[in-house]
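Structure first, then comments.
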Amino acid sequence: MPNLNVYVVEGFAAEQKAALLKGMTDAVVETIGAPRESVRIFLIELARAHVCVGGTLLTEAEQPGGPTVHALLIAGRTDAQKAALIAGLTRVIEETLQVPAAPVRIMILDVPNTDFGLGGLTALARGR
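In UniProt numbering, the protein residues as written are 1 to 128.
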């Protein structure tokens with residue numbers, strides 16, 4: 001069920017983006033034990049003129065602007081699993097996009113199993 005929205009600034013090569021999506025899928029499977037087929041990752045590319053850090057547009061800044069990841073998970077993962085997921089996703093970003101860890105942001109959003117739907121039923125109704 002994990003759904004990840006990955007926000008990156010434009011300019012990365014298609015091969016890098018493909019490697020990022022595959023590597024992030026592996027990281028989710030390895031760190032929180034999610035079934036591979038249930039992992040969904042959405043890559044959202046933003047123009048540098050549409051991203052602002054500290055009041056400065058990235059078009060005016062020398063900083064690259066780090067990717068931001070919103071990871072929506074059915075609530076119930078341990079703190080250790082979440083820490084491993086954050087570390088794993090950050091590592092994949094560093095390795096595939098050549099972006100240092102400092103500007104990378106990973107946010108885990110726990111969704112109650114009553115508030116997440118799969119195939120027309122809540123996750124609770126599906127036994128999750």
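Backbone N, C-alpha and C fix where the C-beta goes; we use that ideal spot for every residue, glycine too.
What do you get for residue i, buried or exposed, if any count of 16 or more other CB atoms within 10 angstroms of its CB means buried?
i    : result
I44  : exposed
A125 : exposed
L97  : buried
A34  : buried
G88  : buried
T90  : buried
Can you give me the Cβ contacts of residue i inside the same chain, cut-off strictly under 7 angstroms, excluding the 5 residues immediately before and after it?
i   : result
V92 : L20, G23, M24 and A27
I41 : L4, V6, L21, M24 and T25
R36 : T25 and V29
F12 : L97
According to DSSP, simplified to helix, strand and coil, what is residue i?
i    : result
T59  : helix
L97  : helix
T122 : strand
G117 : strand
V51  : coil
R91  : helix
In its own chain, which residues sit with a C-beta less than 8 angstroms from the C-beta of residue i, not counting the 5 before and 5 after it?
i    : result
K99  : Here residue 99 turns out to be Val, not Lys, going by the sequence shown. Around V99: P64, G66, P67 and I93.
L109 : H70, A71, L72 and L73
Starting from residue i, trace the alpha helix (DSSP H) in both directions and tell me its first and last residue.
i   : result
T31 : A14 to I32
Tell me which residue opens and which closes the beta strand (DSSP E) that residue i is part of.
i           : result
H70         : T68 to I74
F42         : R40 to L46
R77         : From DSSP, R77 is part of no beta strand (DSSP E); its letter is neither H nor E.
R105        : R105 to V111
residue 186 : Examination of residue 186 is not possible in this model, given that the chain is present from 1 through 128 alone.
Since residue i contacts residue j with CB under 8 angstroms, what's their CB separation in whole angstroms?
i   : j   : result
A75 : L85 : About 14 angstroms separates the two Cβ atoms, so there is no contact after all.
L58 : V9  : 6 angstroms
For a test of your reading of the model: does the CB of residue i fall under 6 angstroms from any non-hydrogen atom of the ligand MN? Yes or no.
i   : result
G88 : With respect to small molecules bound, the structure shown includes none, and the ligand MN cannot be examined in it.
Give every residue of the same chain whose Cβ lies closer than 6 angstroms to the Cβ of residue i, excluding the five residues on either side of it in the sequence, and list them in chain order.
i    : result
N113 : I74, A123, L124 and R128
R77  : I32
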